[in-house]
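Below is one structure, written out as structure tokens; comments come after it.
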Amino acid sequence: MSLASDIARRSAKRLRTSDDIDGSGSASSEANEHHTPQSADTPSRSFPRVQYGPGPLVGIKQHPEFWLDDGNLVLVANRHTAFRVYAGLLASQSEVFANMFAVASSNADEVYDGCPVVPVYDVPSDFAHFLRVLLPKESRTFYRTAKWDGLWTFDAAAAVLRLAHKYALPGLRDQALELIERHAFPGDGPVPPLLSSNSKPALAFEPVHAIAAANIARLVDRPAMRLAALYRCAALGPAVLRGWARDDGSVERLDPADLRVCMDAHAALVRERAALCATVFDDTPHGDCATRRQCQEALRRLEDAVVGMGFWSHGPGSGIVDEWGTYLWKRATDSGLCRGCYHMVETRDREERRKAWERLPEIFNVEVEGWKESLRGWL
Ligand SMILES: [Zn+2]
């Protein structure tokens, strides 16, 4: 019997509406009737078989967005959420999907409404983010105009990146990677997009997302991004231990080895910042300063203000990488610093931050090829 007629035969026996997906009423008994245990002579299969109870989708939730009534394949993510989709559309984009579906279809004994049921071991909300790109229903993109004001969430970008990597869609993976690297955790300089108010953000993210960014950078082997993300993880302080609560309620934690690195790096970073403050606000005025006493006083007051900001307060200048921000520079102007001393402080600040940033690979024990050269563009 051909696969098509086999599926048709089974589907006629099992035909039920999507409302039956919870397995209530007659669906369960019907499913019981037709559930055939694997016989001893069934050939072994490379794709893992999942038993969903008495019927193929009993106890499984139907995804509200990706349940296409005429779809020909049911994917069940993490054993609790089902997506009914078009197999050919996914298989044509990913060889991994193509191989998975070929193996599953030729061996499937779990069929729902004529569709082979295939398990995937991914977080359902991540899988939905992935499908929004592969099977777009609302966010079709042809040419991105200047008026486009879309804003990706970090959850979506991270999910697309991970799954594009897993299912071998390198082009899509690289797009998601660039989105995260450029707009959240740049590996070639400490651009603080969280603090930038001048440019329209393309990615909504929070400091805690550094945890996922570090894990992703490890997954796709991006040492520069990993370093930037680890620096931000260290900035989280004790909160890094709580992990990142994802939008599906699960918690993603930093890789244990990276957690240890962050703990070790913290003390070194505190020392770096103390040294940076002492050098930048050294009370020796500029050589051409005509108001030396006034400028000395101003420099001391500025150092007190910076030290009082606290390390890792997430405010401008609280770490060793982000610049002080307009607040401090306005304060420097108001404090009576002469023009020469003001520019001297600016120069010292840039120089000391560059040196501190250059030492980051050593502090975090992450080797990054061309790290110092990559900093020349911004310092
Ligand atoms: Zn001066």
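So that you can map any letter, position 204 of the sequence shown is 204 in UniProt numbering, and since no number is skipped, the others follow by simple counting. Glycine is no exception: its CB is placed at the ideal position from the N, C-alpha and C atoms.
- Per the CB criterion, closer than 5 Å to any heavy atom of ligand 1, the qualifying residues run in chain order as Pro285, Cys289, Cys295, Cys338 and Cys341.
- At a Cβ-Cβ threshold of 8 Å, Phe130 and Val160 count as neighbours.
- For Ala265, same chain residues with a beta-carbon under 6 Å away, outside a window of 5 residues either side, are Ala234, Ile363 and Phe364 in chain order.
- Closest in alpha carbon position to Leu230, among Ala245, Asp70, Gly114 and Ala213, is Ala213.
- Residue state for Ala104 is assigned as helix, using DSSP reduced to three classes.
- Per DSSP, the beta bridge partners of Arg84 are Trp67 and Val74.
- In the displayed model, Tyr167 falls within coil according to three-state DSSP, outside both helix and strand.
- Considered as a whole, the segment 211 to 286 harbours 223 to 235 and 256 to 280 as its complete alpha helix (DSSP H) runs of no fewer than 4 residues, in chain order.
- Going by C-alpha positions, Arg348 is about 14 Å away from Ala274.
- In this chain, the beta strand (DSSP E) harbouring Cys115 covers Cys115 to Val120.
- When DSSP states are grouped into helix, strand and coil, Gln296 belongs to the helix group.
- Here Arg331 has Leu302 and Ala305 as same chain residues with Cβ atoms under 8 Å from its own Cβ, once five neighbours each way along the sequence are excluded.
- Straight-line measurement puts the Cα of Gln93 at about 19 Å from the Cα of Val117.
- Partner residues in the beta bridge of Trp152, as assigned by DSSP, are Leu203.
- DSSP, reduced to helix, strand and coil, places Tyr342 within a helical segment of the structure shown.
- Residue environment for Tyr167: buried (at least 16 other C-beta atoms within 10 angstroms of its C-beta).
- Beta-bridge pairing by DSSP links Val96 to no other residue.
- The continuous alpha helix (DSSP H) containing Lys372 extends over residues Trp371 to Ser374.
- One alpha carbon belongs to Glu351, the other to Glu373, and they sit about 15 Å apart.
- Residue state for Lys355 is assigned as helix, using DSSP reduced to three classes.
- Where Arg132 is concerned, the enclosing alpha helix (DSSP H) starts and stops at Pro124 to Leu134.
- Contact check between the segment 131 to 145 and the segment 78 to 96: three or more CB pairs, one atom from each, fall below 8 Å, which counts as touching.
- Around the beta carbon of Leu337, 16 or more other beta carbons sit within 10 angstroms, so the residue counts as buried.
- Distances from the alpha-carbon of Arg339 to those of Ala298, Ala224 and Trp67 put Ala298 closest.
- In the pairwise beta carbon analysis, the segment 237 to 244 is classified as not touching the segment 281 to 289: fewer than three pairs are separated by under 8 Å.
- Taking every protein chain shown into account, the CB of Ser139 has fewer than 16 other CB atoms within 10 angstroms, so this residue is exposed.
- Contact between Val85 and Leu68 holds: CB atoms are separated by about 6 Å, below the 8 Å threshold.
- Spatial neighbours of Cys289 in its own chain (CB-CB distance under 8 Å, excluding positions within 5 residues in sequence) are listed in chain order as Cys295, Cys338, Gly340 and Cys341.
- Ranked by Cα distance from Leu57, the options Ala104, Glu110 and Ser250 are led by Glu110.
- According to the DSSP assignment, Glu110 belongs to no alpha helix (DSSP H), since it is labelled neither H nor E.
- One alpha carbon belongs to Cys262, the other to Gly114, and they sit about 52 Å apart.
- DSSP links Gln175 through a beta bridge to no other residue.
- Secondary structure at Lys330: helix, using DSSP grouped into helix, strand and coil.
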